[in-house]
Structures are given as structure tokens and as C-alpha cells.
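Step one of this worksheet: look at the structure below.
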Amino acid sequence: MDNKNTSTLFYIGLLPFVIAVANMTLWIVTTTSEHATFEETVNDYLSYFPEMLQNATLLTLLNVMFLALAGGLFYKSMKSITLRTPAKILAIVSAVLLFWNVFSLM
Numbered sequence: 001m002d003n004k005n006t007s008t009l010f011y012i013g014l015l016p017f018v019i020a021v022a023n024m025t026l027w028i029v030t031t032t033s034e035h036a037t038f039e040e041t042v043n044d045y046l047s048y049f050p051e052m053l054q055n056a057t058l059l060t061l062l063n064v065m066f067l068a069l070a071g072g073l074f075y076k077s078m079k080s081i082t083l084r085t086p087a088k089i090l091a092i093v094s095a096v097l098l099f100w101n102v103f104s105l106m
């Protein structure tokens, strides 16, 4: 694979990575605001999504899918000399966040 294709994979991998990180950030911000119960917190978090996505398990599975896809694309883009270090870092961060999301499904 040439350098242009590997850099394209890197930039394509950024999209699912950013989506997953934004979703996790929304959850963290929602949980740090004032709520009386956990159910209220979950309902407030789910209210940001369209009705068909208002399922916490589904959102976590989507995060797992996005992070796995991003990690794989970052791994493939490590062949580019210029993107090797950022791709390694983002692949590791994707893997850590992926395991965190899988653990939260338990």
C-alpha cells in the first residue's frame, strides 16, 4: 500500500474515533451534572439522541464498533512513516476506550 492510501486510512479512522469520543464525553458531562437518581441521568443522556437510538446498550455497542473500526484503520495506517507515531498513539487510545466500553456492557 502506498503512502497516500495509508494516510487516507488514517484520516478515515479519525471520523469513527471522534464520534465515539464525543459520545463518551457526552456521557461524562451528563453524569457530572446534578441528577437525583441514576435513571434520571440515563434519561437525560438518552434524550440527546433520536428515538431509534435511545437505548444505552445499543449506543455502547455502536461505540465498540466505531472504536474497533478506528483502531483497525489506525493500525493499517502505521505503514506510513509520517503517520506512524500518531497512528500508534490513536490505535492504543482506541483499544483502551474499546475495552472500557466492552467492560461497561458487563
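Quick note on the UniProt record's numbering: the sequence shown kicks off at 1 and runs consecutively.
Yeah, the Cβ is synthetic: ideal placement off N, Cα and C, and Gly gets one too.
Computed from a prediction, not measured in an experiment: that's the story for all the values here.
- Residue 40: member of the alpha helix (DSSP H) spanning 38 to 46, first to last residue.
- For residue 55, the secondary structure class from DSSP, reduced to helix, strand or coil, is coil.
- Around the beta-carbon of residue 22, fewer than 16 other beta-carbon atoms lie within 10 Å, marking it exposed.
- By the 16-neighbour rule on beta-carbons within 10 angstroms, residue 45 is buried.
- Annotation for residue 16: the continuous alpha helix (DSSP H) segment containing it runs 3 to 32.
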